[in-house]
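Under our numbering, residues 408 to 787 are what the sequence shown spells out, in order. Virtual Cβ for every residue (Gly too), placed ideally from N, Cα, C. Keep in mind the model is a prediction, meaning the values are calculated, not measured. In what follows, a single structure is set out as structure tokens and then discussed.
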Amino acid sequence: MSQILKQMHSTEGGRDKVIVRTSVIGIGANLLLAGFKAAVGLLSNSIAVVLDAVNNLSDAASSIITIVGTKLAGKEPDKKHPFGYGRVEYLSAMIISVIVLYAGITSFTESVKAILHPETPDYSAVTLIVIAVAVAAKLLLGRYVKGVGQQVNSDSLINSGEDARLDAVISAATLVAAALYLIFGIKLEAWLGAVISVIIIKSGVEMLRDTLSKILGERADADLAKEIKATVCSFEGVSGAYDLVLHNYGPDAYNGSVHIEVPDTFSADQLDELIREITLEVLKKHQVILTAIGVYSVNTKDPHVVKVRQKIHDCVFAHEHILQMHGFYLNEEKKTIRFDLVISFDAPDRRAVYQEVMDDVQKLYPGYTFAVAMDTDFTE
Numbered sequence: 408m409s410q411i412l413k414q415m416h417s418t419e420g421g422r423d424k425v426i427v428r429t430s431v432i433g434i435g436a437n438l439l440l441a442g443f444k445a446a447v448g449l450l451s452n453s454i455a456v457v458l459d460a461v462n463n464l465s466d467a468a469s470s471i472i473t474i475v476g477t478k479l480a481g482k483e484p485d486k487k488h489p490f491g492y493g494r495v496e497y498l499s500a501m502i503i504s505v506i507v508l509y510a511g512i513t514s515f516t517e518s519v520k521a522i523l524h525p526e527t528p529d530y531s532a533v534t535l536i537v538i539a540v541a542v543a544a545k546l547l548l549g550r551y552v553k554g555v556g557q558q559v560n561s562d563s564l565i566n567s568g569e570d571a572r573l574d575a576v577i578s579a580a581t582l583v584a585a586a587l588y589l590i591f592g593i594k595l596e597a598w599l600g601a602v603i604s605v606i607i608i609k610s611g612v613e614m615l616r617d618t619l620s621k622i623l624g625e626r627a628d629a630d631l632a633k634e635i636k637a638t639v640c641s642f643e644g645v646s647g648a649y650d651l652v653l654h655n656y657g658p659d660a661y662n663g664s665v666h667i668e669v670p671d672t673f674s675a676d677q678l679d680e681l682i683r684e685i686t687l688e689v690l691k692k693h694q695v696i697l698t699a700i701g702v703y704s705v706n707t708k709d710p711h712v713v714k715v716r717q718k719i720h721d722c723v724f725a726h727e728h729i730l731q732m733h734g735f736y737l738n739e740e741k742k743t744i745r746f747d748l749v750i751s752f753d754a755p756d757r758r759a760v761y762q763e764v765m766d767d768v769q770k771l772y773p774g775y776t777f778a779v780a781m782d783t784d785f786t787e
């Protein structure tokens, strides 16, 4: 297992290098744009272009935040944080989301002021050339940064790329407004600015919402859960994999637990060997650390139990919103029957569905004591 963990850390290190390298490119591009705009603005005595140069410096700050967040997230686990610092990446993504949201609100405020107190625009050739260069550069930078972010699953890079793209949209709107004014004499810059600002605010809110959702803890990817269960069930003797719980400690960093169904004839040493093999295989194939594997024993010695199980199974699944019934075991000597029920979150009242099922199975076998847990499928 130690060898596999070393390989995982090596892979994560490669991902961190990609994020840092992409962020450095973003910083360099924004600094070049800032320098270019500042020089042109000072030479042409255009305060608007100079202020736009300052905006590029704030964009460079977003890339710096991404680098700092990636470095902190890559710290080794310690006594205080035994699961590592991977979630720091979500915090850096949240900060960038707030920067985008702030930029949108500021832009909207300035646009409203311009609508209430309109001024005659002065579109010089130099200013329009600078804006056109900025649009092209920001579009290319945003597309590149966001694309890399999607490849390495980095919300910080994705948000930085989206921020650059939105800047390009604002600048493009200025060019459109300039064209309308120069050709038709229509002053629409402030109105276009207000519309674009609303779009930026919406994007900032969505970025923030998505990041906060991940910090709170989202449902694990359904495809990943399905693949892990398939791997677990591929082992001889395992008739089912249930109750898979995956805890996310950063992008693509999962710890989890699962229950397996095995014959009641398995000895302790057989179970121990099986559980260790499953843990290693899941880590190797899916880079998920299973910290616990629970066991459900399946009756194999009495054919009568198979009939009872099927009868109860049919009764249970006659009810709506039932997703699973597992962990079934009948103890004839003690007259007890136990199993778990997974009821969908789509049910208006999960407790009511559970009670209806319990009433029906108790009528089928009134002489038995039922121990039935209302379970949750966290990958539903």
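**Item:** Rounded separation between Phe785 and Gln731 - CA only
**Value:** 12 Å
**Prompt:** Leaving out five residues before and five after Val475 in sequence, what residues of the same chain have Cβ atoms less than 8 Å from its Cβ?
**Reply:** Ser499
**Prompt:** Is the stretch 601-610 touching the stretch 760-769, taking contact as three or more C-beta pairs under 8 Å?
**Reply:** no
**Prompt:** What residue range is occupied by the uninterrupted beta strand (DSSP E) comprising Asp570?
**Reply:** That residue, Asp570, is in no beta strand (DSSP E); its alpha helix (DSSP H) goes Asp562 to Phe591.
**Asked** Since Ile700 contacts Ile682 with CB under 8 Å, what's their CB separation in whole angstroms?
**Response** 5 Å
**For Glu668, the first and last residue of its enclosing beta strand (DSSP E)** = Tyr661 to Pro670
**Prompt:** Does the pairing of the stretch 519-539 with the stretch 550-569 give three or more beta-carbon distances under 8 Å?
**Reply:** no
**Request:** Would you mind sorting Phe724 into buried or exposed? The rule is 16 or more other CB atoms within 10 Å of its CB.
**Result:** exposed
**Item:** Own chain, CB closer than 8 Å to Ser620, minus 5 neighbours either side, in chain order
**Value:** none
**Ser646, buried or exposed, once every other Cβ within 10 Å from all chains shown has been counted against 16** = exposed
**Asked** Can you give the Cα-Cα distance for Phe752 and Leu438, rounded to whole angstroms?
**Response** 50 Å
**Asked** Going by Cα to Cα distance, which pick from Pro755, Ile744 and Thr783 is closest to Pro773?
**Response** Ile744
**Prompt:** Where does the unbroken beta strand (DSSP E) through Arg745 begin, and where does it stop?
**Reply:** Thr743 to Ile750
**Item:** Proximity winner among Pro658, Asn662 and Val702, relative to Gln677 (alpha-carbon distances)
**Value:** Val702
**Request:** State the DSSP-derived secondary structure class of Ser704, mapped to helix, strand or coil.
**Result:** strand
**Item:** Nearest to Lys708 (by Cα), restricted to the options Lys692, Leu690 and Pro670
**Value:** Pro670
**Message:** Let me check understanding here. Comparing Cα to Cα, which of Val552, Val533 and Val639 lies closest to Phe443?
**Reply:** Val533
**Message:** Mapping the DSSP letters down to three states, classify His693 as helix, strand or coil.
**Reply:** helix
**Asked** Near Glu668, which residues of its chain fall below 6 Å by C-beta distance, leaving aside the five closest residues on each side in sequence?
**Response** Ser646, Gly647, Tyr703 and Val705
**Message:** Residues in the same chain with beta-carbon distance under 6 Å from Asp650, minus the five sequence neighbours each way, listed in chain order, please.
**Reply:** His666
**Alpha-carbon spacing of Leu547 relative to Glu634, whole angstroms** = 37 Å
**Prompt:** Between which two residues does the beta strand (DSSP E) containing Thr783 stretch?
**Reply:** Here Thr783 belongs to no beta strand (DSSP E), and DSSP marks it neither H nor E.
**Item:** DSSP bridge partner residues for Asn437 (one or two, in chain order)
**Value:** Asn437 pairs with nothing; no bridge assigned.
**Request:** Throw me the rounded Cβ distance for the Phe515 and Val605 pair, which I believe falls under 8 Å.
**Result:** 7 Å
**Message:** I'd like the span of the alpha helix (DSSP H) that includes Gly600, first residue to last.
**Reply:** Glu596 to Leu623
**Asked** What residue range is occupied by the uninterrupted beta strand (DSSP E) comprising Val652?
**Response** Gly647 to Asn655
**Asked** Going straight from the alpha carbon of Ile536 to that of Asp617, what length do you get?
**Response** 37 Å
**Rounded C-alpha distance that separates Tyr775 from Leu623** = 42 Å
**Message:** Let's test the definition: count the other Cβ atoms within 10 Å of the Cβ of Ile593 and tell me whether it reaches 16, buried, or not, exposed.
**Reply:** exposed
**Message:** Give me, in chain order, the residues of the same chain whose beta-carbon lies closer than 6 Å to that of Ile577; leave out the 5 immediate sequence neighbours on both sides.
**Reply:** Ile603
**Message:** Closest to His726 by C-alpha separation, out of Tyr736, Val764, Phe735 and Glu740, would be which residue?
**Reply:** Val764
**Asked** Between the Cα of Lys553 and the Cα atoms of Ile538, Ala571 and Ala543, which residue gives the shortest distance?
**Response** Ala571
**Asked** Exposed or buried, which one is Ser470 when buried takes at least 16 other CB atoms within 10 Å?
**Response** buried
**Request:** Look up Thr527 in the DSSP assignment and say whether it is helix, strand or coil.
**Result:** coil
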